[in-house]
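Novice: Got a structure for you, written out below as structure tokens; questions coming shortly.
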Amino acid sequence: MARAARVICRSEDVQDGGTAYRFEIDADPRPLPAFVVRHRGAVRAYVNQCAHIPVELDWQPGQVFDRSGLYLICATHGALYDPENGRCLGGPCRGRGLAGLRPIAVTEREGDIVLMDVDHG
Ligand code: FES
Numbered sequence: 065m066a067r068a069a070r071v072i073c074r075s076e077d078v079q080d081g082g083t084a085y086r087f088e089i090d091a092d093p094r095p096l097p098a099f100v101v102r103h104r105g106a107v108r109a110y111v112n113q114c115a116h117i118p119v120e121l122d123w124q125p126g127q128v129f130d131r132s133g134l135y136l137i138c139a140t141h142g143a144l145y146d147p148e149n150g151r152c153l154g155g156p157c158r159g160r161g162l163a164g165l166r167p168i169a170v171t172e173r174e175g176d177i178v179l180m181d182v183d184h185g
């Protein structure tokens with residue numbers, strides 16, 4: 065079911081390897097926490113739920129990159145994820161049913177980061 069595209073934030077709000085921009089996506093029974101980051105110049109968004117235990121990755125709001133700025137990391141037990149596709153790369157997320165973080169379709173349009181018009185239900 066198509067939905068109207070939604071502006072999440074301005075492109076300049078998300079820097080490469082920097083602080084993620086947090087937002088929510090519609091879902092049943094309640095909205096899901098999510099974040100968007102910039103990795104190698106491209107924007108990537110994920111549901112903010114670790115594949116190990118479904119808690120938010122960031123201890124400090126928006127701090128989802130590890131110190132190298134190359135990987136996404138869960139602050140709880142240190143699971144590592146590929147920012148390119150959300151895949152689990154190491155730590156407690158390994159071997160869990162989920163292959164990693166749940167991607168969310170986003171794009172950049174006229175200086176905005178936009179949630180693509182798809183149903184994430
Ligand atoms: S809850 Fe994320 S690594 Fe355990």
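In my numbering, each number is its position in the sequence shown, counted from 1, plus 64.
Ideal placement from N, C-alpha and C gives every residue a C-beta, glycine not left out.
1. Please report how far the alpha carbon of C157 lies from the alpha carbon of G126, in whole angstroms.
2. Are A7 and V178 touching if we call contact CB-CB under 9 Å?
3. Within its chain, find whatever has a CB closer than 6 Å to the CB of P118; leave out the 5 residues flanking it on each side and keep chain order.
4. How far does the beta strand (DSSP E) with A89 in it extend, from its first residue to its last?
5. Going along the chain, which residues of its own chain have a beta-carbon closer than 6 Å to the beta-carbon of P95, five neighbours each way excluded?
6. Output needed for G81: all residues of its chain with C-beta closer than 6 Å, excluding positions within five of it in sequence on either side, in chain order.
7. If you measure between the beta carbons of G175 and Y145, is that distance less than 9 Å?
8. Would you tell me roughly how many angstroms separate the C-alpha atoms of Y135 and D77, rounded to the nearest one?
9. Just checking P156 against the ligand ZN - is the residue's beta carbon closer than 8 Å to any of the ligand's heavy atoms?
10. Exposed or buried, A143, counting other C-beta atoms within 10 Å across all chains shown (16 or more means buried)?
11. May I ask you to list the residues that DSSP assigns as paired with G164?
12. I need the DSSP call for E76, collapsed to helix, strand or coil.
13. Under a three-way DSSP split, which group does I177 fall into?
Specialist: According to the structure data:
1. Stepping through the sequence shown from its first residue, residue 157 is reached at position 93. Stepping through the sequence shown from its first residue, residue 126 is reached at position 62. If I take the Cα positions, the gap works out to 20 Å.
2. No answer is possible for residue 7: the residues shown for the chain start at 65 and end at 185.
3. Reading the sequence shown from its first residue, position 54 is the one you call residue 118. Correct list: empty, nothing qualifies.
4. Taking the first residue of the sequence shown as 1, we reach residue 89 at position 25. In the sequence as presented, Ala is not what sits at residue 89; that position holds Ile. Where I89 is concerned, the enclosing beta strand (DSSP E) stretches over 85–89.
5. If you number the sequence shown from 1, residue 95 lands on position 31. The residues are E88.
6. As a working note, residue 81 is residue 17 in the sequence shown. Taken in chain order, the residues that qualify are F129, G133.
7. Translated into positions along the sequence shown, residue 175 becomes position 111. Translated into positions along the sequence shown, residue 145 becomes position 81. It is not a contact, given that the beta carbons lie outside the stated cut-off.
8. If you number the sequence shown from 1, residue 135 lands on position 71. If you number the sequence shown from 1, residue 77 lands on position 13. Answer to the nearest angstrom: the Cα atoms are 19 Å apart.
9. For the ligand ZN, the structure offers nothing, since it holds only the ligand FES.
10. Within the sequence shown, residue 143 is the residue found at index 79, counting from 1. Counting the other CB atoms within 10 Å of its CB gives A143 a total of 16 or more, which places it among the buried residues.
11. By 1-based counting over the sequence shown, the position of residue 164 is 100. Partner(s): R151.
12. Position 12 of the sequence shown, counted from the first residue, corresponds to residue 76. Reduced to three states, the DSSP call for E76 is helix.
13. Within the sequence shown, the letter at position 113 stands for residue 177. Taken through DSSP and simplified to helix, strand or coil, I177 comes out as strand.
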